[in-house]
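Colleague:
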Amino acid sequence: MPRRPATETPRASRLSGSFAKTATISVSILIILLLTAFVGARRWAQHALNIALPQIDGQLSISGLSSPVTVQRDAHGVPHIRASSLDDLVFAQGFVTAQDRLFQMDLLRRHAAGDLAEVLGSSMLQHDRIQRVLQLRGTADRAISQIPADQRHYLEVYARGVNASIQVQHGHLPLEFRLLHYDPAPWNARDSLLVGLVMFQDLTNNFTTKLNRESLAAQLTPDLLADLYPVGSWRDHPPTQPEVDLTAPQELPDIPLDESQSSLRAPRNPRPGTASSADLLSLSRALAPLCDGCRAGSNNWTVSGSRTATGKPMLSNDMHLSHSLPGIWYEADLQAMIPGDDFHAAGVSLPGVPFIIVGHNAHVAWGFTNLGADVQDVFIEHLRGSGSSTEYQSADGSWHPVLHQTETIHVRGKPDVVLDVSATQHGGLLTPIVSPLMPSERRQLALRWTIYDPQVLSAPLYDINAASDWPTFLQAFANFGGPAQNVVYADDQGHIGYHAVGRIPIRGNPDKPAVPQIPPTIAAPAPAPAGLPATPATDTRQVPLATTSAPATPISPVPVDAVSGHYDWLGYIPFVALPQSFDPSGGVIATANARVTPDNYPYTLTLDWAAPYRNERIWKVLSSRSHLSQADMLSLQTDVYSDLDHVIAQRLAYAIDHSTTKDRRLHQAADLLRKWNGSVDTDAAAPSIVVAARSALWELILDPLLRPTVSASDSIPKNTAHPSNEASLYTWGEKSYAAEQIIMHTPPRWLPRGYANWDELLTSVVDRGLRDQKAPFDLSRWKYGPAHPVDIEHPVYSQSRILRYLIGMRTGTGVQPQSGDNSTIKQVGRTFGPSERFTADLSSLDDSTLNIVLGQSGNPSSPWFLDQWPAWYHGATFPMPFSVGATNAATRHILTLNPQ
């Protein structure tokens, strides 16, 4: 009998069906379990967020108060704190700030101290190494016992308030602490200094620019270097300089403008063995991870009553810093109702630091921009010996032992890392050796920085907050150590003013010090009340402060030989000799990080000013207007016109028109550029073309001049467009101005081989920019905003998509189209921009306005987490109630803190 074909038996069929059924059931169970786990995890995360919300109504008894304190919160969660003594007020400020920002405060002190790897892991090890070498924690430790007693007292009172808040939050700490499995250590006065040092570091850290410039200087001729590193410009408008008609055509002198500063020459590098470009880039990016052209700065201005609709001064300030979530500022209204000595100030505070940083009190208003003073020098040390017997040589030829500090970095989940941080001394102060931050550096480079002088960490914020007029305002700032700032002023008596503040080194040879000649009206101004600094005489408001053209305080743009003594620090510029202006006849004062010194100013504050475009635009608008209102101030703060981009656009269009190219897309680019009005709007195509071309310019003209120094084995920082050369080392505040001058003047020395003329080169620049940025074929569709967005994310929640799903609510802004660029008054980058917008109306302080970027709270469950973001993004703002009546009308929640 023939065999039957093999077929599946009934038994096998039953087994197969049983397996499929079992698998289906198992997968279903697994899905159910996963969904159950997800729902459970989400409920846990959301519950943890909810229970971490602070108490904002009712009564709360806490230890540390002498009398009850009232905390009234408005619709945006801004606390209006009312106390019967200053100590209770400062205590309550620390308590309330920690209610909303405790995790941020802990990260800030860890950031400064170099303790982030302990909680965030090995990804932060490089950061912690840098901070330990720079000795920020050691600086705070040394300074806390040497700052004025009243300042230390308020820091200690504030710390007690923070610790009371930590105690109340115990058991329901912010979610970040739970996720990272640690509790915050008690707060102390030193921690507040560390938070201040974070700001100091952000605003004064330029030593890497000197190292980078040294590398470029070894490869470029002096005339090319002079083009790349201008010092000031024809567009500048220092607030101490006589008013000029900025709408009139200006003669364009060769750059740099300031002869006294451009006469400086970089000292020759005495030793070989400089760091590789890879190491320099890595260090630069670690210390300043901002967009090209985005440097910590700000806008501020004040106008007299002659230019306002109310007849009283107005003052505006928007400080440009890296975005974070939550934002760097915390709004507060502080009042100590002391009979006969009422204290009342409102504005933005720095979480971790008592009192108000920028704002107003009942009589005066003030705002800051970064001065950009050069307060760092890199010394090339001469060493002998080895190990613990190593010595360094001082300028007088004597030898001294190198100092050593052991630093232990705790790394989450990994063994500790132990560092031996060495240091020399200059002027009796510590100067850490920073060479280990660049493994290829063979010299011993020591960093001198004003923060290593304890007196520079003096921040008399109470005195500033309590000032009632110009003399008391100056008295407070005369003791302000830094970071060096431009401060503008307005008061209810109709006065406006400006003063540069902070400790700025006087450099030179101690054996042959130069003595600046200061006019008698500045050196011996009008008498002031007893105990107060002298007020500038009326006729000095527009008088240059110098009668000599030679710089008395030379600054080196590169590292210098420590033994030469030519750049030793001889002291600090006297407060009365810093740039200043009071009640100028034009009724306008403005600064925006550009040059503030008149042409013959006797001291060199810096060589590296910010580009002039924002400052120039502010002066043009304000000087041409009258009957200004609060709405006008906000409109100017959000202005996105760029004269830089507009001028370059016209030149690029001309170049394409006169080139030999037949490329249709390039000619479309020329048409778009020619018709553009200069406004960097989100839906405009032309600014996308200009910004891309500005970036590509350096590829075509600078890259060919620099030798490739990065080998394939070198580690290259992320986002480095061209790691095969050193062009990325070119960073300078006036880099965009240098580009404008080169493009407009077309010097033959910058025309690369292979190009017949500058029209052909600039046409290639546009073409390269379009290709580098992957522009669409139809350029009219290349909208600026989506190509240059803003994106602000939480430092912990943004690291995990699963975590964001578990939280189930917004933990950041997401990627949003953005108007403006680094040359507009609204100066922005992807993670950079105005950190607040403030306008004080001295005719009625209740009509003042203020908003921060995101919100008061760091908790996504809070209604005040992102509630201010729409206003910031769309250019709106909020009232800033100050009087008792306005505050009561705005109050939505009242919490009374009672002594326990």
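Start counting at 1 in the sequence shown, then tack on 335, and there's your number in my numbering. For each residue, glycine too, the CB sits at the ideal point set by N, CA and C.
Tell me, which residues are paired with V693 by DSSP?
Modeller: DSSP output for V693 lists V683 as bridge partner(s).
Colleague: Within 10 angstroms of the Cβ of R1227, are there 16 or more other Cβ atoms? Answer buried if so, exposed if not.
Modeller: Counting Cβ neighbours within 10 Å, R1227 comes out exposed, since fewer than 16 surround it.
Colleague: Just checking my contact of V1236 with L957 at CB under 8 Å: how many whole Å lie between their CB atoms?
Modeller: Residue numbering for the chain in the displayed model covers 336 to 1235; residue 1236 lies beyond these limits and cannot be assessed.
Colleague: Cutting at 8 Å between CB atoms, please list the residues of its own chain near N295, excluding the five before and the five after it.
Modeller: The structure shown has nothing for residue 295, since the chain only spans 336 to 1235.
Colleague: Among V769, P1205, L538, L529, whose alpha-carbon lies nearest the alpha-carbon of P894?
Modeller: Here the closest residue by C-alpha is V769.
Colleague: So with Cβ pairs under 8 Å, would you call M968 a contact of chain D?
Modeller: Any reference to chain D falls outside this structure, which holds one protein chain only.
Colleague: Counting Cβ pairs, one atom from each stretch, are 3 or more of them under 8 Å apart for the stretch 542 to 562 and the stretch 899 to 909?
Modeller: Short answer: they don't touch.
Colleague: Is it right to say S1218 is buried, meaning 16 or more other beta carbons lie within 10 angstroms of its own, or is it exposed?
Modeller: S1218 comes out exposed.
Colleague: Excluding the five sequence neighbours on either side, which residues of its own chain have a C-beta within less than 6 Å of the C-beta of A781, listed in chain order?
Modeller: If we look at A781 and ignore the five residues flanking it on each side, its Cβ neighbours are F714, E716, T759, T766, I768.
Colleague: What are the boundary residues of the beta strand (DSSP E) that includes W734?
Modeller: Taken as a continuous stretch (DSSP letters only), the beta strand (DSSP E) holding W734 covers 734 to 736.
Colleague: Using three-state DSSP, classify N547 as helix, strand or coil.
Modeller: Here N547 sits in helix by DSSP.
Colleague: With a Cβ-Cβ cutoff of 8 Å, do G817 and V710 count as a contact?
Modeller: Yes. Within cutoff.
Colleague: Apply the 10 Å Cβ neighbour rule to M440 and answer buried if 16 or more other Cβ atoms are within range, or exposed otherwise.
Modeller: Counting Cβ neighbours within 10 Å, M440 comes out buried, since at least 16 surround it.
Colleague: Measuring only the C-alpha atoms, how far is G832 from A1206?
Modeller: Answer to the nearest angstrom: the Cα atoms are 30 Å apart.
Colleague: Which of helix, strand or coil does DSSP assign to M1079?
Modeller: Correct three-state label for M1079: helix.
Colleague: Starting from R472, trace the alpha helix (DSSP H) in both directions and tell me its first and last residue.
Modeller: Here the alpha helix (DSSP H) through R472 covers 471 to 478.
Colleague: Compare the beta carbon distance of T704 and Q915 with 8 Å and say whether it is the shorter of the two.
Modeller: Not a contact, by the Cβ cut-off of 8 Å.
Colleague: Quick check: the Cα distance between D804 and A1004, rounded to an integer number of angstroms?
Modeller: Going from the Cα of D804 to the Cα of A1004 covers about 55 Å.
Colleague: Just the C-alpha distance for F808 and L796, rounded to the nearest angstrom, thanks.
Modeller: Computed Cα separation, rounded: 11 Å.
Colleague: Could you give the distance in angstroms between the alpha-carbon of H655 and the alpha-carbon of W1033?
Modeller: Going from the Cα of H655 to the Cα of W1033 covers about 26 Å.
Colleague: Note down, one range per segment and in chain order, each alpha helix (DSSP H) of at least 4 residues found wholly within the stretch 1101 to 1162.
Modeller: Runs found: 1119 to 1122, 1136 to 1142.
Colleague: Quick one: what's Y797 bridged to in DSSP?
Modeller: The partner list for Y797 (beta bridge, DSSP) is empty, contrary to what the question assumes.
Colleague: Under the assumption that R467 contacts V823 (Cβ atoms under 8 Å), give the Cβ distance between them as a whole number of angstroms.
Modeller: About 37 Å separates the two Cβ atoms, so there is no contact after all.
Colleague: Which same chain residues, not among the five before or five after Y493, have their C-beta less than 6 Å away from its C-beta?
Modeller: Excluding sequence neighbours, Y493 sits near V425, G429, P689.
Colleague: I'd like to know whether the C-beta atoms of G702 and F1173 end up nearer to each other than 8 Å.
Modeller: Contact: yes.
Colleague: My guess is that R436 and P661 are in contact by the Cβ rule of under 8 Å, so how many angstroms apart are they, rounded?
Modeller: Indeed they touch by this definition, with Cβ atoms about 6 Å apart.
Colleague: Let me know the secondary structure DSSP gives R719 once reduced to three states.
Modeller: Note: R719 maps to strand in three-state DSSP.
Colleague: Look at F812 and H834 and say whether their C-beta atoms are less than 8 Å apart.
Modeller: Yes, they are a contact pair.
Colleague: Taking only runs that begin and end inside the stretch 385 to 454, name each unbroken beta strand (DSSP E) of 3 or more residues, in chain order.
Modeller: Complete beta strand (DSSP E) runs here, min 3: 393 to 397, 404 to 408, 414 to 418.
Colleague: Could you name the residues of the same chain whose beta carbon sits closer than 6 Å to that of R377, not counting the 5 residues immediately before and after it, in chain order?
Modeller: Closer than 6 Å at Cβ, skipping near neighbours: L1141, G1143.
Colleague: Mind checking which residues open and close the alpha helix (DSSP H) that includes M968?
Modeller: Run containing M968: 965 to 972, per the alpha helix (DSSP H) assignment.
Colleague: Indicate the three-state DSSP secondary structure (helix, strand or coil) for Y564 in the structure shown.
Modeller: In this structure, Y564 counts as coil in the three-state DSSP scheme.
Colleague: Do Q670 and I416 come within 8 Å of each other at the CB atom, strictly closer than that value?
Modeller: Going by C-beta atoms, I416 is nearer than 8 Å to Q670.
Colleague: Taking DSSP as the reference, what is the three-state secondary structure of D712?
Modeller: Strand at D712.
Colleague: With a threshold of 16 other CB atoms inside 10 Å of the CB of P1234, please say whether the residue is buried or exposed.
Modeller: Exposed, because fewer than 16 other Cβ atoms sit within 10 Å of the Cβ of P1234.
Colleague: Please report how far the alpha carbon of W1067 lies from the alpha carbon of L555, in whole angstroms.
Modeller: Rounded to the nearest angstrom, the two C-alpha atoms are 16 Å apart.
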